[in-house]
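Per our numbering, the very first residue in the sequence shown carries number 718; after that it's consecutive.
Quick notes on the structure that follows.
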Amino acid sequence: MDNFKSSLEKYADLFVKVGVNVQKGQKLVISAALEAMELVRIVARKAYEAGARDVLVEWLDGQLDVIRFLNAPDEAFLDFPMWKAKGYAEMAKNGAAFLGISAPNPDLLKDVDPVKTAVWSKTKAVAMSEYYKYAMSGKVNFSRALFASKEWADKVFPDISEEKRLNKLWEYIFMFTKVNLPNPIKAWEEQNQANYSRIKYLNSKSYKKLFYKSEGTKLTVELPDMQKWISGISTTTDNIDFMPSIPCEKIFTAPLKTGTSGVVRSTKPINYRGQVIENFSFTFENGKVVAYTAEKGHEALEIMLGIDEGASFLGEVSIIPHGQDTAESNVIFYDALFDESASCHFALGKVYPLLIANGDKMNKEDLKRNNFNVSLSHIDFMIGSADLCIDGL
């Protein structure tokens, strides 16, 4: 127990100093699952020790979400509390930092109508668009941490004894985030430096096209002249370095909206609003998904692609070297933060302006005019494997 508490202290320290990188005099806003109360308290203490002006916490209860989805009338999901949306936008405008702490439960919404969750997701995205604009254009420092829940551990490790599952999950969390090392902050500094040399190389090449080939995948992706490869560490417009997610060993950029063609096959499932989608594929023409298959979760995939016009176009291209800890574990975590760290992946939906040269100065119309994708959604899906080959032109 003492060892776990020590690791949790290091875990909190990592997100305060490297993930969010809280600055002196800055407010920290935490959105956290109730299950993560112990971690939230440690983070709050460490944020104040780092000089935070204040720490504000919004508690999230997944079980209340289920009760609402199963009992509230349909019209309830068409209204989002604008006081909350305006509050988040105002805090972002005034320079607050943001940390999300999730306690994943992959099967939480399995009995909920996926149409309801999709409607609510769209309603929230529209209402929170001003806040998301600050986050996706590099104007605020933010990050996301994971907290091990019993339900998550049961889903990931059904084949080991129940009493060992939670400890096993924490072992992986601490390993992937390098908290099991003597100095995780230094370890991530070294990892980010190695990634910097890779993005410097890719940016110097100015690739026009990437060609993907593996079993079930034969895809061409066009890249823009104003491409900007970045790694796990980002920098705000106020020159604050932060890591939006830890672990993050990917190198990623923005594709041209209409420049993807061919077929791509998934190598890991995704959990979309509580619905697991497995063994799926997409066929692209002129950038758009024109056909798709799924052995499981076909209805959820259909809903995901139908959120809006941009939901069926790519907004992100991510490259990750094969052989990272997350890949070597050969474990499916049913959460994008860990699963995307194990595999090359794409994202369907909106582009991050910070992936474009001078993107922080672009509005939606500028993005559209330059052939970048605009959408309410941004969904990562994994396509990496040991046999994946990527060539660049």
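Even glycine gets a Cβ: it sits at the ideal position worked out from N, Cα and C.
In this text the structure is predicted, and so the values were computed from the model without any measurement.
Identified DSSP bridge partners for residue i
i, result
"L936", "Y929 and G979"
"G817", "S748 and R861"
"Y989", "Q992"
"D958", "T952"
"S723", "For S723, which the question treats as bridged, DSSP gives no partner whatsoever."
"E1002", "K1005"
"Q740", "For Q740, which the question treats as bridged, DSSP gives no partner whatsoever."
"F997", "A1011"
"M1099", "H1062"
"I947", "F969"
Minimum C-alpha distance to residue i - residue among the options
i, options, result
"L1072", "H1062, S948 and Y989", "S948"
"M1050", "D796, P823 and L756", "With the sequence shown as reference, residue 1050 is identified as Phe, and Met is not the correct amino acid for it. The candidate whose alpha carbon is nearest that of F1050 is P823."
"A1053", "L886, A806, I1096 and A852", "I1096"
"A904", "E879, I963, K881 and C1061", "I963"
"Y913", "E880, S951 and D876", "S951"
"F1063", "R1086, K1081, N1080 and E1033", "E1033"
"G779", "L816, P821, E766 and Y765", "P821"
"N720", "V896, K1067 and A1017", "V896"
"E755", "L795, S866, K734 and A835", "S866"
"A862", "D791, N1080 and C965", "C965"
"E939", "D876, G979 and Y728", "G979"
"K744", "A761, G736, V735 and L731", "A761"
"Y805", "H1015, I747 and L731", "I747"
"K722", "E888, V735 and S846", "E888"
"I1107", "L936, L781 and K1081", "L936"
"K985", "G1023, N884, S1102 and Y849", "S1102"
"V1091", "S854, K727 and S819", "S854"
"T970", "V1068, A1011, E868 and T1000", "V1068"
"Y849", "L1110, L1093 and F1098", "L1093"
"K967", "K974, S923 and P1038", "P1038"
"N1087", "Q944, L886 and Q992", "Q944"
"F794", "D771, P831 and V772", "P831"
"P790", "A809, G768, T834 and V772", "T834"
"E792", "T840, A809 and A870", "T840"
The ligand HEM heavy atom lying under 7 Å from the CB of residue i
i, result
"D871", "What this structure holds is no ligand at all, so the ligand HEM is not there to describe."
Residue range of the unbroken beta strand (DSSP E) whose run includes residue i
i, result
"S1035", "L1031 to I1036"
"K1013", "K1005 to K1013"
"T970", "I968 to T970"
"D1108", "C1106 to G1109"
Separation of residue j from residue i, as counted between CA atoms
i, j, result
"F1089", "S878", "48 Å"
"L725", "S1046", "21 Å"
"V829", "F786", "6 Å"
"F958", "A814", "The question names Phe, but residue 958 in the sequence shown is Asp. Those two C-alpha atoms are separated by around 12 Å."
"S983", "I1100", "5 Å"
"I1036", "Y918", "13 Å"
"K930", "D942", "23 Å"
"W837", "L777", "16 Å"
"N811", "V843", "21 Å"
"L751", "A1008", "40 Å"
"L825", "V783", "7 Å"
"K741", "N956", "14 Å"
"M892", "V774", "27 Å"
"D1104", "C1061", "12 Å"
"F859", "V739", "9 Å"
"F797", "G817", "19 Å"
"I1112", "Y765", "Since the first residue shown for the chain is 718 and the last is 1110, residue 1112 is missing from the structure and cannot be characterised."
"Y989", "G976", "25 Å"
"D1025", "E1002", "17 Å"
"A1028", "G1066", "4 Å"
"N920", "R882", "42 Å"
"P972", "S1058", "20 Å"
"I987", "I916", "27 Å"
"A729", "S923", "38 Å"
"T953", "D876", "43 Å"
"A802", "K872", "33 Å"
"E868", "L886", "11 Å"
"F928", "E880", "46 Å"
"K763", "G1076", "33 Å"
N-terminal and C-terminal residue of the alpha helix (DSSP H) that residue i is part of
i, result
"F893", "E879 to F893"
"Y913", "P901 to K922"
"T840", "P831 to A844"
"D824", "Premise fails: D824 is in no alpha helix (DSSP H) and is neither H nor E."
"G804", "M799 to K810"
"K867", "K867 to V873"
>> Restricting to runs no shorter than 3 residues, where is the beta strand (DSSP E) found entirely within the segment 1047-1097?
In response: Listed in chain order, the beta strand (DSSP E) elements of length 3 or more contained wholly in the segment 1047-1097 are 1062-1066.
>> Just to confirm the assignment: which complete alpha helix (DSSP H) runs, minimum length 4, are found wholly within the segment 766-791?
In response: 779-788
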